[in-house]
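Asks: Protein chains in written order, with this note's numbering: chain X, 1 to 319; chain Z, 1001 to 1315.
Positions of the beta carbon are idealized from the N, C-alpha and C atoms, including for glycine.
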Amino acid sequence: MEPVGVGQQSVIGGLSTQTCAIAGGKGGVGKSLVSVSLAYWLGRLKKDVVLMDGDLGGANLHTMLGMRIPKRNLDDFILKRVDSLEDILLPTSMSNVRLLAGGSEIPALANPNFAQKSRILRGMKRISADMLLVDLGAGASLNTLDLFLACPRKIVVMTPQPTSIQNAYGFIKSAFFRNVSRSLRQTPLKGLFDVSARADDPIPQSVEEVLQEVSVGAPEALEDVRASIEDLRIELIVNMARDAKEFRVGEMIREVCMKFLGLQVHALGTVPYDRTLENWAKTMDKGSLGKDSGSEALRAVYEIAYDIIGSEDRQRRAA
Amino acid sequence: MSSHHDMERLGQALQGNLDDALLREVKGTDEVPEPFEFPPHLVPDERDFVWARSKFREWMAEGQFLLALALLKVLAAKWGIHSGLQALLSEALRFDDSERSTEPLPREFLGTARSKIAWSVIERDSLQFEPYPESGEFGSRTWVLREIDISDDDRFPNGMVLVWRSTTGVAGTLRPAGQRKVGRRRLELSANLLFYGDTKSRGLSKIEVEVQDLSASGAGVQVRDRFGRLVAEEVKGDRVRLELRRPGAEQRVSVLADIRWAESSADTEHGRVCKLGLQFIDPQPEFLRDVEELLSPGKGDVQYLWSLWESDNKA
């Protein structure tokens, strides 16, 4: 086991490739359930896993794991009661899985300032684990996007519902803009995506428009912007799919992202709808997850976990 | 009636001086002519053009851009587009002085400095006198050039207005300020093509097509012709109706079109693929609104996503 920050360093945020953000534009798509069941399988596959509640404004992952009031949480770290995020990790009923519970004492933590964000990211780098899964909150606030982009591995969870399709694409598009804007901070185009600063000029909406604006307004940043677009890889999990048609929803997002944003979006897997995970979430029975070996959903998450480990191992060997 | 007299009357009409202009000619009738007939003669000669240029520049200098453009519009309709008018239009398009502007700037109104597109707007839009609406609302894409108080005429209790009503509110030809110009855009959108006349008698009445590119003036569509009924050489020049539904819209909209070109590709496993180039004929505002939605910058990706989703659901 090594600190996740010690492995292969990513370009953004300095977090290692073993850090994985799990996001979704919309609430209720089963993002946290996917996170927990992924953590469960990764733990069963002998990986030391830390599951972090990255929903800074509405932490509740501990509740899903049967902890009504966690003994320690992110507040302790932010308020400097402890020095390290390691000090607040809590054991769970899942083997090899520890929880980093979100805070609830500090209302302002929903919108942390720069120093707090930096402290959290520095703390994440020092966590010693094989895999850090960061379950992000719903929506596409800048803090959520920043945390998402800081993680080398980026997963978006969606369902085949039209509202989820729309929000998943919206989230990816927002991440794309936020990512490009990082490359333009020191250029005259730093307000390229700021609607209020461009009242008379619309913000670019596609990769072509972005590159065109940059080539005219900040040609010195063009290569950086290109690189930031090429490096941004997003993976997609379609949750609660009921039939073959719904299994194809991820393909649609992939196609639109490539066509309009020039983004590589990969289908990581599809989790079929079954009631196992739903029932488990309702009862919050901390020992029951994984007991229903016939669950198609759990089996699908297992496949995804297996793929993640495989690709992590391949990357480590390559590094 | 001298030509120059007509020019003076045109100037007065555009400025809303109806007592001295043509509205008096309809007094005593119950109908307002639509569109209002501007002076009908307007035979161009050098003196008329000098007057027009002088009036145009006078209005431009006063910041009355729409009025100046309206003058060009009427003259172009009467005289045809000639080099003198083109030069004046170029002056309008180059003009950019927001401080003096009391009306939309030409660049906002026309959307682009490309004179071809500018002429398209000027030719296609309507310019007419209308009773002042009781609701006080004119609808979108309507610019009021003049409000005319004619309280002595009880047919128009609220007076009249001279309005420029745009029918080409499509990105690429006319766009509000702050929108990006977008020309023809690639799409994948299911639609129907309805045939009439000879083509219908050959057994083709309605076929499903895929709209592959679209603009305000035309579309490129592709037909998978499994039974070989569509012969490119035979349908070229035919008049058809294109019927489409924008993803998310409840109603279908349609437009008449002429098939300007047609190409058939070699047979594939799904039958012959035929591509048709359509030129729209007098597209109606509701059709143009949907086209605008489809072409709107920043919405193309979402529209595309929904068209994929709807196609998949349909399949």
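Let's test the definition: count the other Cβ atoms within 10 Å of the Cβ of X/Ile120 and tell me whether it reaches 16, buried, or not, exposed.
Replies: It is buried - the Cβ of X/Ile120 has at least 16 other Cβ atoms within 10 Å.
Asks: Does the Cβ-Cβ distance between X/Glu278 and X/Lys154 come in under 8 Å?
Replies: No, these two residues do not count as a Cβ contact at 8 Å.
Asks: Mind reading off the beta-carbon distance from X/Ser95 to X/Arg44? Whole number of angstroms is fine, and I expect it under 8 Å.
Replies: About 6 Å separates the two Cβ atoms, so the contact holds.
Asks: State yes or no: is the beta carbon of Z/Asp1213 nearer than 8 Å to at least one beta carbon in chain X?
Replies: Closer than 8 Å: no.
Asks: Determine the chain Z residues that contact X/Ile234 at a beta-carbon separation under 8 Å, and present them in chain order.
Replies: Correct list: empty, because the minimum Cβ distance to chain Z is about 15 Å.
Asks: Counting pairs of Cβ atoms below 8 Å between the region 298-314 of chain X and the region 263-278 of chain X, do you hit three or more?
Replies: The region 298-314 of chain X vs the region 263-278 of chain X: in contact.
Asks: Quick one: what's Z/Gln1015 bridged to in DSSP?
Replies: Answer is none; Z/Gln1015 lacks a bridge partner.
Asks: List the residues of chain X whose Cβ lies closer than 8 Å to the Cβ of Z/Leu1308, in chain order.
Replies: Chain X residues near Z/Leu1308: Met252, Glu255 and Val256.
Asks: DSSP state of X/Gly170, grouped into three classes?
Replies: Note: X/Gly170 maps to helix in three-state DSSP.
Asks: Of all the alpha helix (DSSP H) runs that stay within the bounds of the region 26-52 of chain X, which reach a length of 4 or more residues?
Replies: Counting whole runs of 4 or more residues, the region 26-52 of chain X contains the alpha helix (DSSP H) stretches 31-44.
Asks: Helix, strand or coil for Z/Gln1179? Go by DSSP, reduced to three states.
Replies: Residue placement at Z/Gln1179 cannot be trusted, given a pLDDT of 32 that sits under 50; what the coordinates show is reported in the next sentence. Here Z/Gln1179 sits in coil by DSSP.
Asks: Where do the ends of the beta strand (DSSP E) carrying X/Val82 lie?
Replies: From DSSP, X/Val82 is part of no beta strand (DSSP E); its letter is neither H nor E.
Asks: Express the C-alpha separation of X/Phe77 and X/Ser118 in angstroms, rounding to a whole number.
Replies: Roughly 12 Å between the two C-alpha positions.
Asks: Beta-carbon of Z/Asp1125 versus every beta-carbon of chain X: anything under 8 Å?
Replies: No, because no Cβ of chain X sits closer than 8 Å to the Cβ of Z/Asp1125.
Asks: With Z/Ala974 as the anchor, note down where its alpha helix (DSSP H) starts and where it stops.
Replies: Since the first residue of chain Z shown is 1001 and the last is 1315, residue 974 of chain Z is not available in this structure.
Asks: Just confirm the distance between the C-beta atoms of Z/Ala1076 and Z/Leu1069, as a whole number of angstroms; I'd bet it's less than 8 Å.
Replies: Actually they do not touch by this definition, with Cβ atoms about 10 Å apart.
Asks: Which same chain residues, not among the five before or five after X/Leu56, have their C-beta less than 7 Å away from its C-beta?
Replies: Correct list, in chain order: Gly102, Leu109, Ala110, Pro112, Gly137 and Asn143.
Asks: Determine, using beta carbons only, whether X/Pro272 comes closer than 8 Å to chain Z.
Replies: No, X/Pro272 lies away from the interface with chain Z (no Cβ there is under 8 Å from its Cβ).
Asks: What's the call for Z/His1009, buried or exposed, on a 16-neighbour Cβ count within 10 Å?
Replies: The question names His, yet the displayed sequence has Arg at residue 1009 of chain Z. Buried, by the Cβ-count rule.
Asks: Flag Z/Asp1301 as yes if its beta-carbon sits less than 8 Å from any beta-carbon of chain X, otherwise no.
Replies: By this cut-off, Z/Asp1301 is an interface position.
Asks: Along the region 143-176 of chain X, where does the CB come closer than 8 Å to a CB of chain Z? Name the residues.
Replies: Against chain Z - using a Cβ distance shorter than 8 Å - the residues of the region 143-176 of chain X are Pro162, Ile165, Gln166, Tyr169 and Lys173.
Asks: Can you check the region 184-230 of chain X for any alpha helix (DSSP H) of at least 4 residues that lies completely inside it and give the ranges in chain order?
Replies: Listed in chain order, they are 207-217.
Asks: What's the C-alpha gap between Z/Leu1305 and Z/Leu1088?
Replies: Z/Leu1305 and Z/Leu1088: Cα-Cα distance of roughly 44 Å.
Asks: For Z/Ser1307, which of helix, strand or coil comes out of DSSP?
Replies: Reduced to three states, the DSSP call for Z/Ser1307 is helix.
Asks: Compute the beta-carbon to beta-carbon distance between Z/Arg1146 and Z/Leu1162, rounded to the nearest angstrom, for a pair I have assumed lies under 8 Å.
Replies: Contact holds; Cβ gap of about 4 Å.
Asks: Would you say X/Arg242 faces chain Z, with C-beta separation under 8 Å as the test?
Replies: Not an interface residue.
Asks: Could you check whether the Cβ of Z/Leu1305 sits closer than 8 Å to any Cβ belonging to chain X?
Replies: With 8 Å as the cut-off, Z/Leu1305 counts as an interface residue toward chain X.
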